[in-house]
Amino acid sequence: MSSVPAMHTVQTRPRRRAPRLRAALPFLAPALLAYVAFVVFPMAESIRLSFFEWSGFVGAEQTFVGLANYVRLFTQDAVFWTAFGNSVIWVALSLVIPMPISLTLAVALDRRLPGRALFRTVFYVPGVLAAIAVANMWRWIYNPRYGVSEGLAQALGLERLQGIQWLGNADIALFAVFVAFVWQAVGTNMVLFLAGLQAVPPELSEAAELDGAGAWQRFWNVTLPSLRPTMVVVVVLTFIGSIKVFDLIVGMTGGGPAQQTQVLALWSYQQSFTNHQYGVGNAVAVVLLVLTAAVVVPYMFWTARRER
Amino acid sequence: MRARRKTLISGAAAAALLTVSLAACGSGGGSDDSGTTLTYWRLSETNEATGAAFAEVLEQFEADNPGVTIQVEERSTDGHKEALRTALGTSGAPDIYWSWAGPGIGGDFVNNGGSLDLAEYYEEYGWASRFNDVSMSSITQYGGYDGIPSGYSGAGIYYNKQLFADAGITETPETYEELLAAADALKASGTDAIEFGGTVNWHLMRLLDNLLETECGADTFDALVRTEASWADESCVETAFSEFSTWSQDYLIADWASLDDAQANQLLFSGQAAMVIEGSWFPQVLVNNNVDPDDFGVFRFPTGTDRLYGDTSNNYVSATTEHPDEAAAFLDHLTSTDSQTTLSQASGSRSVNVEVPLDTEGGTALDATWGEIFESSEGLYAFNDQNLTLAQTTEYFRILNAVASGDIAAADAGPQFQSFIDQQS
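The listed protein sequences derive, respectively, from chains D and A. All residue numbers for the first sequence refer to my numbering, where the first residue is 12 and numbers rise by one. All residue numbers for the second sequence refer to my numbering, where the first residue is 192 and numbers rise by one.
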C-alpha cells in the first residue's frame, strides 16, 4: 500500500515541476540576481582571492600563490590559532550559557505574571541595541578606575574583585567580553523560545498533570520535547551568530591585549583592511566559511527533509 | 500571458532600480552643471581656532574659484586610517586626503597606487622652493612627487611640574640614567611615573620606539626599521625590550592595557600620573581639556642621539581623482603664504611654508620650548607605525603588548619580530 502514493509522486512530479518553475522564475529572478550578485559572487571571489597575494588596491597586481596563504596561516601566523581557539571557545560558551538562561526566562515569562510584558521588553531590549553601542557601554562598565564594576566591588567591599583589568588582562578579557554578549543575546533567544512555548498544546501538560507528573517532569517530558524544533533553530542561529562574532570584540578590545581576544572574523578583517594582505585575510574567511558550512549545510538538509 | 508580461515588466523595473541604486553608490568628487566638488579627507580638528581659520581658508578658495566646492570629511586617528585603507584605489576614494608620510602609512598608499604623482604641478606652481628639505624629502622619498607638505610634529616627554617638584626632581633629565632616576623618585613619592593607553597600541609604542633609539643609536635604529639589520641579532634590541619591560612593570600605570590614549591622558591631567610622550600638538589638547598648559613642561626623550622623535604629514591627491587640476589649485592655495599665515597664527604651530615665520605671540611656554627643541634637534626618527609596513606594525604592536604584560620575555621579542619579517619577505 505504501508504495502506491510514492509511485504517484514519482510519476506526477516531473510533469508539474517544469511549468511551476517557469511560472515562478520571473518572481524569483530579482531576488536570485541579487543573491548571486551580493552573496554567491563575493563568496566565490573570496575563495579565489585566498589563493592570491594582493594588497587590495584596485591597480595592484594579484599574484597567484597557490596554497601559500593557507600554509602561512596554519604554520606561521602567530595569531591565527589564537583566533581559531577563541572562536571555538566563543561558540561553545554561546551554546552552553545564554541558551539555558533564555529558556529559563522564556518559561518564567510564559506564565501569567504581573508585569510580564514589561519584563519581556526589558530582557529583549539589549537584543535590539547596536553591538557597537553595547560594546561602548560595557567598556565603561569595565573601566578599572571609573567603571560600575569597580564601583560595585568597592561598595560591596569585595576586595578580590577590585582593581581587576577586565579587558586588559589576557586571561579574562575574552570572558569579560562574553558577559556583554550574554547580556545582549539572551533576550533574542528568549523571544524565540516564547514563540515555541505558545505552540505547545496546553492539553499535553494538563494531561501529564492529571497523571501525577510534577512541574519538573512536565517540563522535562512534555515542554522540552515539544520545543525541539525551536531548539534546533536557536542552536543553529546561535552557532552562526557566535562564530562570526566581530563587532563586540572590535568595540571592547580590538582583539587585544596582544591579540589574546582575537577571533577569526576580526582577524580576517584586520589581515585584509588593516594589514592590506587580502590573500591571507580571505584565507581566514574561507576557514570561517568551511567551519560554518560544516554545521549549516547538514542543518539545511535536515530541514529540507522535514519539510518534504 | 498578461500576467507573464506584468511579471517581466516588474522584473525589469527591479533590475533597473538595482542598477540605478548601484550606480548611485559611488562617492568622491563629481562634476555637474553647477560646478565641481572636491572631497577632502582629513583628521578631525580639535582646535576651535584652527578650525575657524581652516574654514576661512576654504571660503577664500571657493570665492577665488567659482564653481569649485570643497567637501571636507573629518575622522579620528584610527577611523581616518581605516577609511583611507578601505577607500583608496576604489571609486569611493576622496580627491584629496591628508596622511602621515612615513612608509608604513602614506608610503603604503603611494606604493599601491593611491597617490597621484604631482611632478607637473610642482613645476607649474614652483612648489619645491616653498618647503624646506625635511618636508620635501617626505614628498620625494618614494621616487616621484607624492603629495604636498602639510606639517611636521615633534614628540617629547610632557611632565607635571608639581609632581616633579613633589618628588624632589629639580632639573629635567638630560640622560637616560637621569630619566630612570626621575622615574624612581616619582615612584618613591607614590606617583605613577608615566601613563599610556594600551588599547590603541600606538600610544604605548612611543615608549618602545624611544628606548630602541636610546639603546641602538640612530644608525642601527634606522637599519632596524628598514629591516636592513636583524632584530634577532642586534643585542641592543633585547636591551631595549628589557628596559621597556622594566618601565611597564615598575613605572607605567597599572591599568594601561584597559585604557585608550584619551582615558590614560586624563590621569596626567588630574595629577595621577607624571609623564607621557606626546606631540607638539599637545598644548592645545591640554587647553581643550581645561588644563593649564603652564602646569606642564616638555623635554626631548634623552636618547643621546640629538634626533627629534616625530613625523611629517602630507596632503595627497588620489590617483583616481577626476579633477587633478582643481585639486592642485586647492593645494596651492592651502600651502600659500597667506593661507599658511592664517593657519599658523590660529594654531601656533610651525608652518611647512618657509616664508611663514612662527608666530610666538600669545603662545604658551610649551610652544616656546618646542621652538627650542626643533632648533636644537638634528634629524628625525619617526614613529614606528609609520616606519614599518602595515603587517609589521600589527606584529610590532602584538609583541610590545605581550612584553609589557609579561607574556613574552624581552629576550624572545626581537627574534619573534625578525621571524615575522623573514616570513613576509
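For each residue, glycine too, the CB sits at the ideal point set by N, CA and C.
CA-to-CA distance, residue j to residue i, given in whole angstroms
{"i": "A:Ala244", "j": "A:Phe574", "result": "28 Å"}
{"i": "D:Leu106", "j": "D:Leu238", "result": "16 Å"}
{"i": "A:Arg491", "j": "A:Gly381", "result": "24 Å"}
{"i": "A:Glu273", "j": "A:Ser344", "result": "22 Å"}
{"i": "D:Thr303", "j": "A:Asp324", "result": "55 Å"}
{"i": "D:Ala55", "j": "D:Phe85", "result": "22 Å"}
{"i": "A:Ile590", "j": "A:Ala448", "result": "14 Å"}
{"i": "A:Val242", "j": "A:Gly226", "result": "One point to set straight first is that residue 242 of chain A is Gly, not Val, in the sequence displayed. Computed Cα separation, rounded: 25 Å."}
{"i": "D:Ile58", "j": "A:Gly335", "result": "36 Å"}
{"i": "D:Pro309", "j": "D:Pro236", "result": "21 Å"}
{"i": "D:Glu220", "j": "D:Trp231", "result": "13 Å"}
{"i": "D:Thr314", "j": "D:Pro213", "result": "26 Å"}
{"i": "D:Asp259", "j": "A:Gly495", "result": "In the sequence as displayed, the identity of residue 259 of chain D is Leu instead of Asp. For D:Leu259 and A:Gly495, the distance between alpha carbons rounds to 44 Å."}
{"i": "A:Thr512", "j": "A:Thr260", "result": "15 Å"}
{"i": "A:Asp485", "j": "D:Phe49", "result": "57 Å"}
{"i": "A:Ser329", "j": "A:Ser509", "result": "17 Å"}
{"i": "A:Thr528", "j": "A:Leu522", "result": "12 Å"}
{"i": "A:Thr585", "j": "D:Ala166", "result": "39 Å"}
{"i": "A:Arg397", "j": "A:Phe435", "result": "11 Å"}
{"i": "A:Leu213", "j": "D:Trp65", "result": "Note on A:Leu213: pLDDT 40, under 50, position unreliable in the model; the coordinate value appears next. A:Leu213 and D:Trp65: Cα-Cα distance of roughly 25 Å."}
{"i": "A:Val391", "j": "A:Ala455", "result": "11 Å"}
{"i": "D:Ala276", "j": "D:Ser160", "result": "28 Å"}
{"i": "A:Glu236", "j": "A:Thr533", "result": "15 Å"}
{"i": "A:Ser461", "j": "A:Gly562", "result": "26 Å"}
{"i": "D:Lys255", "j": "D:Leu299", "result": "8 Å"}
{"i": "A:Leu443", "j": "A:Pro340", "result": "35 Å"}
Interface residues of chain A facing residue i [CB-CB closer than 7 Å]
{"i": "D:Leu78", "result": "Simply none; closest approach about 15 Å."}
{"i": "D:Gln288", "result": "Ala582"}
{"i": "D:Arg156", "result": "Asp446"}
Chain-ordered neighbours of residue i on chain A, where CB pairs are closer than 8 Å
{"i": "D:Val82", "result": "Correct list: empty, because the minimum Cβ distance to chain A is about 10 Å."}
{"i": "D:Phe257", "result": "Correct list: empty, because the minimum Cβ distance to chain A is about 14 Å."}
{"i": "D:Val90", "result": "Arg589"}
{"i": "D:Gln281", "result": "Thr585"}
Under 9 Å from the C-beta of residue i: neighbouring residues of chain D
{"i": "A:Ala172", "result": "Residue 172 of chain A lies beyond the residue range present for chain A, which begins at 192 and ends at 616; the question has no answer from this structure."}
{"i": "A:Ser170", "result": "This structure cannot speak to residue 170 of chain A, because chain A is shown only from 192 to 616."}
Under 7 Å between C-beta atoms of residue i and residue j
{"i": "D:Phe266", "j": "D:Phe63", "result": "The question names Phe, yet the displayed sequence has Gly at residue 266 of chain D. No, the Cβ-Cβ distance between D:Gly266 and D:Phe63 is not below 7 Å."}
{"i": "A:Ser504", "j": "A:Gly342", "result": "yes"}
{"i": "A:Val422", "j": "A:Gly605", "result": "Inspection of the sequence shows that residue 422 of chain A is occupied by Trp rather than by Val. The answer is yes: Cβ separation under 7 Å."}
{"i": "A:Glu517", "j": "A:Leu229", "result": "yes"}
{"i": "D:Ala196", "j": "D:Pro109", "result": "yes"}
{"i": "A:Thr437", "j": "A:Glu406", "result": "no"}
{"i": "A:Val467", "j": "A:Leu477", "result": "no"}
{"i": "D:Ala89", "j": "D:Trp278", "result": "no"}
{"i": "D:Tyr81", "j": "D:Ala269", "result": "no"}
Cross-chain neighbours of residue i in chain D, by beta carbon under 8 Å
{"i": "A:Asn303", "result": "Ser66, Gly67, Phe68, Gly70, Ala71 and His287"}
{"i": "A:Leu162", "result": "For residue 162 of chain A there is no data in the structure shown, the boundaries of chain A being 192 and 616."}
{"i": "A:Gly389", "result": "Gly179, Gly267 and Pro268"}
Beta-carbon neighbours of residue i, restricted to chain D and to distances below 7 Å
{"i": "A:Asn592", "result": "Gly267, Pro268 and Ala269"}
{"i": "A:Ser178", "result": "Residue 178 of chain A lies beyond the residue range present for chain A, which begins at 192 and ends at 616; the question has no answer from this structure."}
Spatially closest choice to residue i from the options, by CA coordinates
{"i": "A:Asp576", "options": "A:Gly570, A:Ser568, A:Glu569 and A:Phe588", "result": "A:Phe588"}
{"i": "A:Ala595", "options": "D:Ala144, D:Ile112, D:Val139 and D:Asn180", "result": "D:Asn180"}
{"i": "A:Gly280", "options": "D:Phe68, D:Gln228, D:Asn97 and D:Ala146", "result": "D:Phe68"}
{"i": "D:Ile183", "options": "D:Val159, D:Tyr135, D:Gln271 and D:Asp121", "result": "D:Gln271"}
{"i": "D:Ala187", "options": "D:His287, D:Leu140, D:Val145 and D:Ala206", "result": "D:Val145"}
{"i": "A:Ser556", "options": "A:Leu249, A:Ser610 and A:Pro474", "result": "Looking at the sequence itself, residue 556 of chain A is Ala, so the reference to Ser does not match. If we check each option's Cα against that of A:Ala556, A:Pro474 comes out closest."}
{"i": "A:Glu314", "options": "A:Ala559, A:Ala537, A:Glu586 and A:Ala519", "result": "A:Ala519"}
{"i": "A:Ser426", "options": "A:Tyr442, A:Gly408 and A:Thr437", "result": "A:Gly408"}
{"i": "A:Asp383", "options": "A:Gln440, A:Gly297, A:Thr584 and A:Ala254", "result": "A:Gln440"}
{"i": "A:Gly570", "options": "A:Asp413, A:Ala240 and A:Arg417", "result": "A:Asp413"}
{"i": "D:Gly138", "options": "D:Ser66, D:Trp194 and D:Phe250", "result": "D:Trp194"}
{"i": "D:Thr115", "options": "D:Ile100, D:Leu39, D:Leu172 and D:Leu203", "result": "D:Leu203"}
{"i": "D:Gly252", "options": "D:Ser98, D:Leu215, D:Pro30 and D:Leu39", "result": "D:Ser98"}
{"i": "A:Asn401", "options": "A:Val263, A:His514, A:Tyr500 and A:Ala246", "result": "A:Tyr500"}
{"i": "D:Gln73", "options": "D:Leu60, D:Arg83 and D:Ala79", "result": "D:Leu60"}
Environment of residue i [buried if 16+ CB atoms lie within 10 Å]
{"i": "D:Ile175", "result": "buried"}
{"i": "A:Met192", "result": "In this predicted model, A:Met192 has a pLDDT of only 44, less than 50, meaning its place in the structure is not dependable; the value taken from the coordinates is given anyway. Result: exposed."}
{"i": "D:Asn147", "result": "exposed"}
{"i": "A:Ser267", "result": "exposed"}
{"i": "D:Tyr46", "result": "exposed"}
Chain C residues whose Cβ lies nearer than 8 Å to that of residue i
{"i": "D:Phe284", "result": "Reference to chain C is not applicable here, since the protein chains of this structure are D and A."}
Beta-carbon neighbours of residue i, restricted to chain A and to distances below 9 Å
{"i": "D:Gln87", "result": "Ser610, Phe611 and Gln614"}
Check: residue i C-beta below 6 Å from any heavy atom of the ligand COA
{"i": "D:Ala196", "result": "This structure does not include the ligand COA; it has no bound ligands of any sort."}
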